[in-house]
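Here the structure is laid out as structure tokens; the discussion comes afterwards.
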Amino acid sequence: MIIVKDLHKKFGNLEVLRGVSCHIKEQEVVCVIGPSGSGKSTFLRCLNRLEEPTSGEIIIDNIQVTGEKTDINQVRREVGMVFQRFNLFPHLSAVQNIMLAPLKVRKTPKKEALEISEELLDKVGLSDKRDAYPDQLSGGQQQRVAIARALAMKPRVMLFDEPTSALDPEVVGEVLGVMKTLAKEGMTMTVVTHEMGFAREVGDRVLFMDEGLFVEEGSPAEIFNNAQHERTKAFLSKIL
Amino acid sequence: MRWDFVLEILPKLGKASILTLELTVVGIGIGIVLGLVSSLLRISKIKPLDLIAKLYVDFFRGTPLLVQIAIIHYALPVIFGYIPVALVSGIAALGVNSGAYVSEIFRAGIQSIDRGQMEAARSLGMTWGQSMRHIILPQAVKVSIPPLGNEFIALLKDSSLVSIIAVEELMTTGRLIMGKTPRVAEIWFSVALLYLILTSTIALFVNYTERRLQTGDNR
Ligand SMILES: Nc1ncnc2c1ncn2[C@@H]1O[C@H](COP(=O)(O)OP(=O)(O)OP(=O)(O)O)[C@@H](O)[C@H]1O
Ligand SMILES: [Mg+2]
């Protein structure tokens, strides 16, 4: 589903990704963990080219993401993204936030877009907040709307960049709950996260990133109970 | 002060202040269109377009409006060989001049919007233009309302400068009346009063728009 080959990303002289490769299968839930500044967000943002890769190849759902000829907007329709700080559109209500992209990008008829949006609001448990504006919602509610907004495009893949780290502890669970449901339904997901509980329970595979490289990968059990690499062990000992 | 004389000239001045208001409204309208285009060029990251817009803004912000009016009304007709019409020259000068200021207002407004907004819009597959139109500009325009209001008021006052090319707005009308009577104080205090009424009305209108945008449904 997602194939990354020898991905490099430089910011000026700073090489943040130094030859990253990986292969993510359909319906797989992959959690990316690693220390701050190791390049996790940059990796994720390269996948939908919010950051332009310096070199390397990315293929998602048989579409070449990298390359001059690619229509990147076409790719992004198939790749949903959820941000750490939600980035809901503050001038639009919850349902308008969700409807906008189907209307403008997929050219879905208004009635159908509205139906999709209301179904999704229901799915993330926020039917009663349909007409609320982002500043009237708690962080957890905003993030659930943001997930619904990404899902409205019916993406083939979902990318999450630390979706719960800007949230108060008591609302983390409601967002993880929505993500769990998605995983169960078979969504292909790549999740950068500090929630080791979530990685253990929901993740099919864990990738450990350090200094711009995937240093180690394995099943959650392998990584959390039996890490091979010194740097993985050092990182896990700090956060577990 | 001779109040009966004030009452006598007020209708004439009142009529002229309507032209002043019209000049300003059309001027700011042109300014908003030019300013929007120019601000978009400036943030487009396409070097030549950015440069053109920057030159435009720097020229009209860096030279006196009075000189700009003279260029438009006297110099350009000589270069391009046409007969200038004072009203058109006046409106054009006010429009291109305010466009330069409005460009900077919109640019600041657009830049004040969190980068994450553009990223979220693009990540959904919207083009740059769609993201600008549906996400960035509605928010940027809202934060631009107060400085736009200030520009509106400044332009109304500056519109008095078109009297130099004899557009018969408020200032010119004051001067014309002065030529026929020695009652100078009555004339200029009346003119000042009318300008004050115009600027206060605009200020009220801007305040109202601002409040409506803050509390209204269509945020
Ligand atoms: N736009 C940018 N310009 C310059 N440097 C950047 C940019 N974005 C990221 N970096 C740098 O790249 C490195 C990796 O950043 P990245 O955000 O990918 O790390 P991360 O693993 O997501 O960290 P965190 O856990 O703190 O989110 C950091 O040193 C960061 O300062
Ligand atoms: Mg990050």
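Note that the protein sequences, when read in sequence, are chains A and B.
Okay, so the first sequence: first residue is 1 according to my numbering, each after it adds one.
Okay, so the second sequence: first residue is 241 according to my numbering, each after it adds one.
Just so it is clear, CB atoms sit at the ideal spot from N, CA and C, and this is done for glycine as well.
Spanning the alpha carbons of residue 168 (chain A) and residue 139 (chain A) requires a straight line of approximately 8 angstroms. At a cut-off of 8 angstroms between beta-carbon atoms, residue 364 (chain B) makes contact with chain A. In this structure, DSSP gives residue 374 (chain B) a helical state, which the three-state scheme calls helix. Contacts with chain A at 8 angstroms (Cβ-Cβ) include residue 370 (chain B). Taking every protein chain shown into account, the CB of residue 155 (chain A) has 16 or more other CB atoms within 10 angstroms, so this residue is buried.
Listed in chain order, the non-local C-beta contacts of residue 161 (chain A) below 8 angstroms within the same chain comprise 40, 41, 44, 45, 81, 82, 83, 84, 192, local neighbours out to five positions each way being set aside.
In terms of Cα proximity to residue 153 (chain A), the closest of A:174, A:175, A:115, A:136 is A:115.
For residue 9 (chain A), there is no enclosing alpha helix (DSSP H); the residue is found in the beta strand (DSSP E) stretching over 2-11. Distance from the CA of residue 326 (chain B) to the CA of residue 276 (chain B), rounded to the nearest whole angstrom, comes to 26 angstroms.
From the beta-carbon of residue 378 (chain B), the residues of chain A found nearer than 7 angstroms are 91.
At a cut-off of 8 angstroms between beta-carbon atoms, residue 351 (chain B) makes no contact with chain A.
A distance of 8 angstroms or more separates the beta carbons of residue 348 (chain B) and residue 305 (chain B). Counting only residues of its own chain and dropping the five nearest sequence neighbours on each side, residue 158 (chain A) has a CB closer than 6 angstroms to the CB of 80, 187, 189. Interface flag for residue 85 (chain A) against chain B is set, since a Cβ pair is found closer than 8 angstroms. Sequence-distant partners of residue 376 (chain B) (beyond 5 residues in either direction) whose C-beta falls short of 7 angstroms from its own C-beta, in its chain, are 350, 353, 357, 358. By the C-beta criterion, the region 118-133 of chain A is judged not to be in contact with the region 61-72 of chain A, since fewer than 3 inter-stretch pairs fall below 8 angstroms.
If you check the C-beta of residue 354 (chain B) against ligand 2, you find no heavy atom less than 7 angstroms away. Within the DSSP secondary-structure output, residue 57 (chain A) pairs in a beta bridge with A:5. Excluding residues up to 5 positions away in sequence, 271, 274, 275 lie with their Cβ nearer than 6 angstroms to the Cβ of residue 339 (chain B) in the same chain. In terms of side-chain proximity, the C-beta atom of residue 162 (chain A) is found nearer than 7 angstroms to a non-hydrogen atom of ligand 1.
Short note on residue 287 (chain B): C-beta not closer than 7 angstroms to any heavy atom of ligand 1.
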